[in-house]
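Taken in sequence, the protein lines are chains A and B.
According to my numbering, the first sequence holds residues 15 to 404 in order.
According to my numbering, the second sequence holds residues 15 to 404 in order.
Note that CB positions come from ideal geometry on N, CA and C, so glycine has one too.
There are 2 protein chains.
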Amino acid sequence: MNDDKREPIKESPNGIVETRYYDFDSLTLESGEMLSPVKLAYETYGSLNEAKDNAILLCHALSGDAHAAGYHTGDKKPGWWEFIIGPGRAFDTNKYFVVCSNVIGSCNGSTGPASINPKTGKKYGMDFPAVSIRDMVNAQAKLMDYLGIDRLFSVAGGSMGGMQVLEWAYSYPERVKTAIPIATTFRHSAQQIAFNVLGRIAIQDDPAWKKGEYSESEAALLRPIGALQPASGLGLARMIGHITYMSDEAMERKFGREVRKLDSSGKPIDSVFEVESFLRHQGVTFVKRFDANTYIYITKALDNFNLGSNQELTEHFTGSRTKFLVISYSHDWIYPAKQSKEIVKVLKYSWADVTYCEILQDYGHDAFLIEHAEQGVLVSNFLENVRKGE
Amino acid sequence: MNDDKREPIKESPNGIVETRYYDFDSLTLESGEMLSPVKLAYETYGSLNEAKDNAILLCHALSGDAHAAGYHTGDKKPGWWEFIIGPGRAFDTNKYFVVCSNVIGSCNGSTGPASINPKTGKKYGMDFPAVSIRDMVNAQAKLMDYLGIDRLFSVAGGSMGGMQVLEWAYSYPERVKTAIPIATTFRHSAQQIAFNVLGRIAIQDDPAWKKGEYSESEAALLRPIGALQPASGLGLARMIGHITYMSDEAMERKFGREVRKLDSSGKPIDSVFEVESFLRHQGVTFVKRFDANTYIYITKALDNFNLGSNQELTEHFTGSRTKFLVISYSHDWIYPAKQSKEIVKVLKYSWADVTYCEILQDYGHDAFLIEHAEQGVLVSNFLENVRKGE
């Protein structure tokens with residue numbers, strides 16, 4: 015997620031929101047290991063109706079968090095999907111109870127590698143067990159149990175969020191009335207894996223990474239994220255990722271070959287391309303808010319995600335009553351439209367109820383995080399059609 | 015250039031070749047600085063005819079060298095463009111005198127950042143003056159003077175080689191009868207710059223880089239390239255580059271999601287994706303043969319290359335008698351076909367004689383370095399048409 019995308023909106027109809035936490039005893043992971051205890055950070059917008067059938071779960075991307083809408087006290091920017099959540103917006107809080115939770119394995123409030131290992135009193139670091147997209151979804155399912163939500167009216171999300179949407183529809187078909195996977199895939203291609211590989215190498219080759227033990231000391235635990243991070247490695251990983259989040263066209267329009275003169279005591283000493291300044295800024299900003307080991311764990315979850323072969327998936331989804339809206343973006347080259355079309359094909363072969371739209375928007379992969387009318391209208395009309403058809 | 019592409023060819027019609035060196039006193043660079051003395055490494059294949067009008071200059075890409083064809087004694091792989099050079103091949107050594115020189119600023123025999131600075135007795139490192147594509151071409155022009163070649167029958171090359179081809183046609187129109195720019199551009203886009211920026215950051219963030227002074231000691235000068243390099247930074251830069259040299263489709267076909275089990279004392283301890291093994295191998299191999307500071311200098315030359323606006327170029331090329339064959343590759347996403355089409359458009363607006371072919375070949379950018387029939391036929395027929403028309 016581009017850190018610059020959360021545009022200041024003076025007044026949010028979602029108002030001031032607070033992150034809440036659901037603590038539970040344990041979660042058996044796909045690997046067989048047991049994680050205990052487990053904390054899930056989550057936020058909600060709107061109200062659960064009496065029938066408890068109006069809940070929508072939003073799933074975030076790689077570096078996202080539970081804060082999808084509204085403002086935290088003192089913050090200058092609203093949640094990451096503010097423009098599509100709220101009264102009268104696509105995820106209409108006058109109608110729906112919207113929930114967003116930070117995935118397990120993350121560092122934004124839920125249990126992950128940056129959390130304290132109760133057995134040692136130190137951060138887990140690389141001792142954290144491997145997590146998968148399925149584990150993230152299983153944890154979310156426990157949160158839904160806790161909130162009293164048996165069946166979700168919808169599950170929606172882009173990129174890694176879209177993988178969770180697919181996993182929900184796969185693992186909990188009876189709990190998912192509708193599913194909206196955006197700019198996502200059933201499984202990473204070699205190229206998608208390759209970019210994540212380079213991010214992990216960048217972190218692990220940074221001497222400050224110290225095999226993941228960069229913040230094992232007691233003192234370090236008191237510092238904010240970023241204080242002892244392998245900053246250059248994590249920053250570079252973020253920059254590598256960031257190139258893939260934008261299209262060639264969007265980069266060209268935004269930066270072209272513009273050069274920025276660097277000033278030092280009034281004397282211009284050097285010049286850099288604007289795109290370099292932008293990328294460096296993205297790297298520095300990211301290091302302040304995201305944990306390096308977590309980046310390794312989450313990108314591995316992405317790369318290892320594979321719901322099955324198309325043949326297996328076709329058999330599995332046959333008989334599914336979930337209604338799907340699959341969305342891709344025309345200029346997304348890292349999660350290209352062909353991957354969304356493959357999802358559609360498998361679902362069609364399964365006789366599933368699936369609608370597909372490719373949105374012509376030249377920003378690239380991160381287009382789903384940028385305010386534009388079309389995504390909202392597609393989501394809104396899709397949800398409303400299902401609601402009216404009930 | 016992919017280090018694995020030089021397939022063993024038992025017998026080369028080009029036989030055993032030797033790199034030669036042309037030493038000259040000085041070269042005034044585009045920056046105004048003077049480089050002195052200057053050494054250019056070069057190789058030749060075939061014979062210069064009496065009229066001295068059958069010479070073809072081949073220009074190499076980012077990490078290339080003068081060794082375009084034949085074998086060096088003891089080598090297992092031939093030069094980087096072996097399959098297209100030789101008797102009966104597209105650059106037919108029965109007809110043409112083929113020359114390839116290592117660009118200045120490089121580390122493969124010509125004067126560059128890894129050369130000894132005569133003023134200090136140590137390697138230039140980051141004290142080397144900035145070099146440009148124009149500087150590379152001006153040095154090649156001096157080599158042509160030395161070889162007695164007034165006018166080149168053709169200049170050809172892909173990627174950075176293609177930039178040199180365009181620069182030759184721009185700066186020395188009377189010396190270039192035909193020009194073959196392949197998979198190249200008049201100027202880097204923001205995305206192309208961005209990938210190079212990340213490569214430079216990877217190197218410069220590696221503590222072993224030491225502001226470019228990783229091999230300043232006398233002892234270091236005696237060691238081969240790679241001994242004291244910022245290996246992880248340069249390796250990562252290479253891996254970043256390598257992802258861009260292949261198409262999504264080629265990576266998928268070659269690696270897919272295949273996993274390699276890593277063995278340690280008979281016990282499988284970990285597994286990695288095949289694409290990771292491949293990229294790591296590319297990084298390790300590259301560090302042994304290429305200098306980190308040089309990588310910084312050459313990628314900057316690439317990013318700074320800009321022959322002028324399309325308007326300026328249209329005016330400049332109007333009246334040019336050079337015949338152009340512009341080639342692009344269908345699945346090249348880092349130097350996309352649209353950039354070649356822009357070259358063609360400018361040349362057409364200039365009333366220049368230009369032929370354009372997009373080759374349907376799914377390998378990606380490095381396709382021009384891989385043996386396939388179409389490129390050879392296009393080049394061969396283009397050259398032969400001009401030769402017959404004389």
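Just so you know, the alpha carbons of residue 132 of chain B and residue 140 of chain A end up roughly 50 Å apart. A distance below 8 Å between beta-carbons, with the five flanking residues on each side excluded, links residue 197 of chain A to the following residues of its chain, in chain order: 172, 173, 176, 341, 342, 343, 346, 349, 354, 379, 381 and 382. Contact with chain B is absent for residue 41 of chain A, since none of that chain's Cβ atoms lies less than 8 Å from the residue's Cβ. Within the stretch 199 to 231 of chain B, 201, 202, 203, 204, 205, 207, 208, 209, 211, 212, 215, 216, 219, 220 and 221 place their CB atoms closer than 8 Å to a CB of chain A, listed in sequence order. One Cα belongs to residue 161 of chain A, the other to residue 200 of chain A, and the distance between them is close to 28 Å.
About 16 Å separates the beta carbon of residue 190 of chain B from that of residue 332 of chain B, a gap too long to meet the 8 Å contact definition.
Close to chain B, meaning a Cβ-Cβ distance shorter than 8 Å, are the following residues of the stretch 320 to 351 of chain A: 320, 347 and 350. Close partners of residue 374 of chain B in chain A (Cβ separation under 7 Å) are lacking, with about 17 Å as the shortest Cβ gap. For residue 306 of chain B, the closest alpha carbon among the candidates B:44, B:319, B:393 and B:220 is that of B:220. Taking 7 Å as the cut-off between beta carbons, the residues of the stretch 283 to 315 of chain A near chain B are 287, 289, 290 and 293, in sequence order. According to DSSP, residue pairing for residue 395 of chain B in a beta bridge does not occur. Buried is the label assigned to residue 68 of chain B, since at least 16 other Cβ atoms lie within 10 Å of its Cβ. Straight-line spacing of the CA atoms in residue 310 of chain B and residue 213 of chain B works out to 8 Å. Contact between residue 393 of chain A and residue 98 of chain A holds: CB atoms are separated by about 7 Å, below the 8 Å threshold.
Listed in chain order, the beta strand (DSSP E) elements of length 3 or more contained wholly in the stretch 94 to 180 of chain B are 111 to 115 and 166 to 172. For the beta strand (DSSP E) assignment, the uninterrupted runs of no fewer than 3 residues enclosed by the stretch 179 to 228 of chain B are, from N- to C-terminal side, 190 to 196. A residue is called buried when at least 16 other Cβ atoms come within 10 angstroms of its Cβ; residue 179 of chain A meets this threshold and is buried.
For the stretch 245 to 260 of chain A, the set of residues with a beta-carbon nearer than 7 Å to any beta-carbon of chain B comprises 246, 250, 253, 254 and 257, in chain order. In this structure, the CA atom of residue 261 of chain A is about 12 Å from the CA atom of residue 208 of chain B. With respect to chain B, the C-beta atom of residue 159 of chain A has no partner C-beta closer than 8 Å. Chain-ordered, the chain A residues with CB closer than 7 Å to the CB of residue 270 of chain B read 204.
The contact set of residue 141 of chain B on chain A, defined by CB atoms closer than 9 Å, is empty, because the minimum CB distance reaches about 15 Å. Residues of chain A whose Cβ lies closer than 8 Å to the Cβ of residue 64 of chain B do not exist, since the nearest Cβ in that chain is about 46 Å away. Between residue 251 of chain B and residue 216 of chain B, the gap from beta carbon to beta carbon is short of 8 Å. Under the criterion of beta carbons closer than 8 Å, residue 390 of chain B and residue 103 of chain B qualify as touching, at roughly 7 Å. Annotation for residue 348 of chain A: no alpha helix (DSSP H) segment contains it, and DSSP assigns it neither H nor E. For residue 331 of chain A, there is no enclosing beta strand (DSSP E); the residue is part of the alpha helix (DSSP H) that begins and ends at 324 to 331. Comparing alpha carbon positions, the residue from A:374, A:386, A:326 and A:38 closest to residue 357 of chain A is A:326.
The beta carbon of residue 380 of chain B sits no closer than 8 Å to any beta carbon of chain A.
Not one beta carbon of chain B lies nearer than 8 Å to the beta carbon of residue 44 of chain A.
Selection A:361, A:322, A:266 and A:247 evaluated against residue 339 of chain A yields A:361 as nearest (Cα-Cα).
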